[in-house]
Amino acid sequence: MAISISPNEWRIMELLWQSPLTLMELVRQLGQSEGWAKSTVTTMVRRMESKGLICYEEEGRTKTFRAAVEKEEVVATETNSLLRRAYDGSIGLLVSAMARRNDLTRSDIDELYAILQKAEEEMK
């Protein structure tokens, strides 16, 4: 299932991927970091719940929200979307663009070599 989330939904998901939070904990954190009002957080949480991105457990009158999708799943969908839109689905074009702009550090290049070597070994 392809999962697409908005930049504002990312902000909430980043918090919930770290740990479950009550609505008031979300309101407090997002109020401080983003300047969001309680009504904004409540609306976002309701929409995200209806989309199946988050779920909650209820204890008394308190709902504790948690992510209903894994971060890796969302990241994979977003990565594939970026590759299709900006690089015609080509990882090579992406890496080439980064290399031409000198956006790759020595550490990045070493990491890419290790990833490619592992992928090559797994193909055998």
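Following this note's numbering, the numbering of the sequence shown begins with 62 at its first residue and continues without gaps. From the three backbone atoms N, C-alpha and C, an ideal C-beta is built for every residue, glycine too.
Can you tell me which of the three DSSP states residue i falls into?
i, result
"Ala175", "helix"
"Glu131", "coil"
"Thr101", "helix"
"Leu84", "helix"
"Asp169", "helix"
Alpha carbon to alpha carbon, how far is residue j from residue i? Give it in angstroms, no decimals.
i, j, result
"Ile66", "Trp78", "14 angstroms"
"Val88", "Ser100", "9 angstroms"
"Ala160", "Glu139", "21 angstroms"
"Leu114", "Asn163", "36 angstroms"
"Leu177", "Leu143", "20 angstroms"
"Glu112", "Val106", "In the sequence on display, residue 112 carries Lys and not Glu. Distance between the alpha carbons of Lys112 and Val106 is about 10 angstroms."
"Ile64", "Glu182", "30 angstroms"
"Leu82", "Asn141", "29 angstroms"
Based on the DSSP secondary-structure assignment, which residues constitute the bridge partners of residue i?
i, result
"Ala137", "DSSP lists no partner for Ala137."
"Lys124", "Glu119"
Is residue i buried or exposed, if buried means 16 or more other CB atoms sit within 10 Å of its CB?
i, result
"Val136", "exposed"
"Met74", "buried"
"Trp71", "exposed"
So, for residue i: in the same chain, excluding its five sequence neighbours on each side, which residues have a beta-carbon less than 6 angstroms away from its beta-carbon?
i, result
"Cys116", "Ala129"
Can you name, in chain order, every residue of its own chain whose Cβ lies under 7 angstroms from the Cβ of residue i, other than the five neighbours on each side?
i, result
"Glu120", "none"
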